[in-house]
Amino acid sequence: MKNYHVAVVGATGAVGNEMIRILEERRFPVGKLTLLASERSLGKELSFRGKPLPVEVLTENSFPGIEIGLFSAGGSISEKFAPIAARAGCVVIDNTSVFRMAPEIPLVVPEVNPEAIALYKNRGIIANPNCSTIQMVVALKPIHDAARIKRIVVSTYQAVSGTGKKAIEELSRQTRALLNAQEPEIKVYPHRIAFNCLPHIDVFLENGYTKEEMKMVNETRKIMNDPGMAVTATTVRVPVFYAHSESVNIETEKKITAAEVRRLLEEAPGVRVVDNPRENQYPLAIDAAGTDETLVGRIREDESINNGINMWVVADNIRKGAALNAVQIAEILISRYL
Ligand code: A2P
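Start counting the sequence shown at 39; every next residue gets the next number (the working numbering).
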């Protein structure tokens, strides 16, 4: 079997760290691993397969010889360096939002639209969707296939790790400060996140929604290949370290019962149904954290309309929402195309 030269761009970040771990865990056939970050990380080492590897500074000359680049260093870095990498022959799997809505670039969740990976040939770039979108479409795709979803109303409860390492530290620091009766320092978000909920993720747009909310709308339509699907989202940052939770309400064209949804999801790839309210069993962020599955529970019919379902969907935003999804894409890429 062929081994590949893989680069992780943004290797020192929350998602980059997890990418390295997942490549190792899933025994991805890595011949050589190149770790790239900013000058701030010069001299740092990270461990891969039990051995220390130096972090190198990302430059325009980083890519010759690299076959697969997993990018997670922010939008401006991807915007500049992904095309440079692609020109050097590296297939980029990009975790930022920069390329997601470009029509010629595939936006992929392996459980939902793996066939779109073939379009990597257009520009040498595959986009990894937004974390909140990924877990939602993993849970909704089997229902869409069975009963056609007409409308989605989603509210999210998103962990701070989605903002990166600085936000993880900010929640820890603010929590410690408040429990010690000290004034918390506010740096990452516009308001205190400890013991609070912020209905504000990414920037506000002209239409009153945030960019995160519109990512959920537009990316869901693209991944599900259904431009007419009605989607509306409210995205909220909550003081949780890992795993996003979502309240998802759908309206379907065909009637589908809660029992049928449960049965479909029990068979669905990447999904684990946790739905036994009598025993207080439902998906929890603390159970999803560190795992690969999308947990779905609280499945019930929406009694306010004819064909409606409510559910609660939870997944590790750094794993399925980012690093794992990217590595799964890379696995399909090498097995079918490279
Ligand atoms: P560095 O640690 O050197 O700053 P997070 O999302 O957890 O904040 O991580 C962001 C990742 O993106 C880090 O690995 C960070 O590297 C990397 N990064 C940020 N800015 C640059 C840059 N100008 N060039 C290369 N990597 C960058």
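The beta-carbon is built from N, C-alpha and C at its ideal position, and this holds for glycine as well.
query = Hey, V46 and I58 are a contact pair by Cβ (cut 8 Å); roughly how many whole angstroms apart?
reply = 6 Å
ask   = Can you tell which of V309, V198, V44 has the C-alpha that lies nearest to the C-alpha of R230?
value = V198
H282 (DSSP reduced to helix, strand or coil) = strand
query = Under the criterion of a Cβ to heavy atom distance below 7 Å, does V53 qualify as lining the ligand A2P?
reply = yes
query = If you follow the beta strand (DSSP E) that R64 is part of, which residue opens it and which one closes it?
reply = Premise fails: R64 is in no beta strand (DSSP E) and is neither H nor E.
key: Bounding residues of the beta strand (DSSP E) (the contiguous stretch that carries F119)   = Counting along the chain, F119 falls outside any beta strand (DSSP E), though it belongs to the alpha helix (DSSP H) covering 113 to 125.
request  = Look at the alpha carbon of P307 and the alpha carbon of E149, and state the distance between them as a whole number of angstroms.
outcome  = 6 Å
Y247 in three-state terms, based on DSSP = coil
query = Which full runs of the alpha helix (DSSP H) of 4+ residues lie inside the region 326 to 376, going along the chain?
reply = 362 to 374
request  = Please state whether DSSP places L157 in a helix, a strand or coil.
outcome  = Under the three-state reduction of DSSP output, L157 falls in the helix class.
Heavy atom of the ligand A2P within 7 Å of G81 beta-carbon = no
query = According to DSSP, is A268 helix, strand or coil?
reply = strand
query = Does the count of Cβ pairs from the region 118 to 135 and the region 340 to 353 closer than 8 Å reach three?
reply = no
message = Going by beta-carbon coordinates alone, are A232 and A281 separated by less than 8 Å?
response = no
query = In this structure, does DSSP put A49 in helix, strand or coil?
reply = coil
query = Taking C-beta to C-beta, are L145 and A165 nearer than 8 Å?
reply = yes
message = If I follow the unbroken alpha helix (DSSP H) through D183, where does it start and stop?
response = Annotation for D183: the continuous alpha helix (DSSP H) segment containing it runs 169 to 185.
inquiry  = For F137, count the other beta carbons within 10 Å of its own beta carbon; 16 or more makes it buried, fewer makes it exposed. Which is it?
reply    = With 16 or more other Cβ atoms within 10 Å, it is buried.
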